[in-house]
Amino acid sequence: MANFEADDGTTRDDLVQRVALMEAMIAEGRQYTGRNSWIFVLWGLVDLAAWAWQSYFWRFGGRWAWPICLTAGVVLTLAGKLMQRRRQGYSSNDLCSRVMAVWGMMGLAMGIYVASAMWTHFDWQFSYIVGLLMMFGMAHAISAMFLRWRMQGLVAAVYWAGGVAIFVCNSGRATNVIMLFEMCIVMILFGLYAMWREPNGSGCKGGRA
Amino acid sequence: MTNMEREDGTTRDDLVQRVALMEAMIAEGRRNTGRFGWIFILWGLVCLIGIGESYLLPQSYWVWPITIVSGFVIQFIGIAMHRRSGNWPSENLKSRSVAAVWRMMGIAIILYAAPAGVTHTIHQIAYIAAIFMFLGMAHAISAVILRWRAQGVVAGLWWAGGVATYFVPRNYVITIYVVEMVICMVLFGVYAMWLERRRAVALELHHA
């Protein structure tokens, strides 16, 4: 094929190089998600533990189940990230930074939302639970767009569908089942899938953007 | 300074070029937010009109659906005109990322608000707080991507509004809603458009 040149002086080789760079960035972004997918598994287990405590061991301080488990989750996440950072170095690829921004801001929004609702005892409302699922779905959807990752897009759709289903079913029992499925099973399964899919990524060391 | 070369063959010039490219992308991303600042103003006004109408017609079930659908129609017409005028902004990676953030937020809000409206759940406090949180989250992600402090402040205001919704007496929730819409939607839209306009004028003067 001829090495054509566009009006702006861009050669075919330039374009091929740019595409290769974009693909490398996307691959690194997915690897970054894979390297951090233990966090999904952790939070799936945290939610499962809180739900089981509240449902089956209510007598043992059941009303503190969620605050205690969520705080433990935050501490474990921060400790894990610290250990990971020490071992693997700091991420600086541009696409990874954007994915980090998505999850970081989602974590912040979620923390503020959950803490306020629990403090004021509004965490029983359907719209509160649906809000959580929608935020998770939004973060997955944005990340899926950044990383061109169909599977993550599917996960986003599952979260959003769960949110809509809670409103439609409009019952406490259905909400519990959907919440358990979404926050525990989907979270853990996606975490395991991402870990399996992107196990040996070089991470995002050394900016390539 | 010498043109030092790193172990991976990256020269100082390469690094300078990359930084310049990143800065250009960030500037372009902010400009695109400014070009679409009218959408913030539009939705701020749509929400304020909706509140006003539901105050005047408290029994009407169709106030919000009609107002929101009108908002979408105006937005689509505006985008079509924008596109036809040939003034459609160029897209780079950051601009596309920011566009993806807003599109996904739009989908999330529609999927949240539509079933809530149909099932009459919009009176719950958590419903309003969640919408503020979605908007704050989108602004915060965009602010981090574009390294834009003003937008970060807007994100903080949305989140503060979400928290306040839980804590204030129910009668004040509507006040918070109106204040958020005026400051974080209308005024932020005006600010973003003003920045873009100022840049365009400066560019014209530079070329003249």
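Going down the list, the sequences are from chains A and B.
For the first sequence, the numbering used here gives the first residue as 1, with consecutive numbering after it.
For the second sequence, the numbering used here gives the first residue as 1, with consecutive numbering after it.
All residues carry an ideal CB built from backbone N, CA and C; glycine is no exception.
None of the values given here were measured: they were computed from a predicted structure.
For residue i, which option in the options has the closest C-alpha, if you only look at C-alpha atoms?
i, options, result
"residue 185 of chain B", "B/117, B/44, B/177, B/27", "B/44"
"residue 282 of chain A", "A/81, A/160, A/63, A/31", "Nothing can be reported for residue 282 of chain A: it is not among the residues displayed for chain A, which extend from 1 to 209."
"residue 21 of chain B", "B/93, B/177, B/137", "B/93"
"residue 110 of chain A", "B/138, B/85, B/49, B/119", "B/138"
"residue 112 of chain B", "A/34, A/167, A/13", "A/167"
"residue 116 of chain A", "B/95, B/161, B/175, B/84", "B/161"
"residue 95 of chain A", "A/10, A/22, A/193", "A/22"
"residue 103 of chain A", "A/85, A/177, A/62, A/36", "A/36"
"residue 61 of chain B", "B/49, B/205, B/120, B/176", "B/120"
"residue 70 of chain A", "A/118, A/99, A/87, A/84", "A/118"
"residue 156 of chain B", "B/170, B/52, B/180", "B/180"
"residue 84 of chain A", "A/38, A/173, A/143", "A/38"
"residue 140 of chain B", "A/197, A/26, A/107, A/163", "A/107"
"residue 170 of chain A", "A/54, A/93, A/130, A/53", "A/130"
"residue 141 of chain A", "A/127, A/125, A/158, A/128", "A/158"
"residue 200 of chain B", "B/66, B/51, B/27, B/41", "B/27"
"residue 154 of chain A", "A/126, A/189, A/105", "A/189"
"residue 51 of chain B", "B/202, B/176, B/80, B/189", "B/176"
"residue 172 of chain A", "A/185, A/32, A/128, A/93", "A/128"
"residue 46 of chain A", "A/180, A/197, A/196, A/195", "A/180"
"residue 194 of chain A", "A/12, A/34, A/60", "A/34"
Rounded to the nearest angstrom, how far is the Cβ of residue i from that of residue j, given a contact under 8 Å?
i, j, result
"residue 193 of chain B", "residue 71 of chain B", "That pair is no contact at about 18 Å."
"residue 42 of chain A", "residue 73 of chain A", "7 Å"
"residue 29 of chain B", "residue 98 of chain B", "5 Å"
"residue 187 of chain A", "residue 44 of chain A", "4 Å"
"residue 145 of chain A", "residue 104 of chain B", "7 Å"
"residue 142 of chain B", "residue 101 of chain B", "5 Å"
"residue 99 of chain A", "residue 55 of chain A", "Not really, about 34 Å apart at Cβ, beyond 8 Å."
"residue 74 of chain B", "residue 42 of chain B", "6 Å"
"residue 63 of chain B", "residue 54 of chain B", "5 Å"
"residue 136 of chain B", "residue 158 of chain B", "3 Å"
"residue 175 of chain A", "residue 122 of chain A", "Not confirmed; about 14 Å, so no contact."
Which of the three DSSP states, helix, strand or coil, is assigned to residue i?
i, result
"residue 11 of chain B", "strand"
"residue 175 of chain A", "helix"
"residue 11 of chain A", "strand"
"residue 208 of chain B", "coil"
"residue 60 of chain A", "coil"
"residue 117 of chain B", "helix"
"residue 153 of chain B", "helix"
"residue 87 of chain A", "helix"
"residue 168 of chain B", "coil"
"residue 148 of chain B", "coil"
"residue 76 of chain B", "helix"
"residue 148 of chain A", "coil"
"residue 159 of chain A", "helix"
"residue 207 of chain A", "Per-residue confidence for residue 207 of chain A stands at a pLDDT of 39, beneath the threshold of 50, marking its modelled position as unreliable; the derived number appears in the next sentence. Residue state, collapsed to three classes: coil."
"residue 82 of chain B", "helix"
"residue 188 of chain B", "helix"
"residue 140 of chain A", "helix"
"residue 61 of chain B", "coil"
"residue 1 of chain A", "With a pLDDT of only 46 at residue 1 of chain A, under 50, the local geometry of the prediction cannot be trusted, and no value is derived from it."
"residue 122 of chain A", "coil"
"residue 139 of chain B", "helix"
"residue 95 of chain B", "helix"
"residue 124 of chain B", "coil"
"residue 37 of chain A", "coil"
"residue 165 of chain A", "helix"
"residue 134 of chain B", "helix"
"residue 175 of chain B", "helix"
"residue 36 of chain B", "coil"
"residue 2 of chain B", "Bear in mind that the predicted position of residue 2 of chain B carries a pLDDT of just 48, short of 50, making it too unreliable to give a figure here."
query = Taking contact to mean at least 3 C-beta pairs separated by less than 8 Å, is the segment 127 to 134 of chain B in contact with the segment 155 to 169 of chain B?
reply = A contact exists between the segment 127 to 134 of chain B and the segment 155 to 169 of chain B.
Given 8 Å as the limit, is there contact between the segment 100 to 119 of chain B and the segment 129 to 137 of chain A, that is, 3 or more CB pairs closer than that? Three or more Cβ pairs closer than 8 Å define a contact, and the segment 100 to 119 of chain B meets that threshold against the segment 129 to 137 of chain A.
Three CB pairs or more closer than 8 Å across the segment 150 to 157 of chain A and the segment 109 to 129 of chain A
Cβ pair count under 8 Å is below three, so no.
Exercise for the section: Check whether the segment 114 to 124 of chain B touches the segment 139 to 157 of chain B, taking contact to mean three or more Cβ pairs, one atom from each stretch, closer than 8 Å. Expected result: In short, these stretches do not touch, since the Cβ pair count stays below three.
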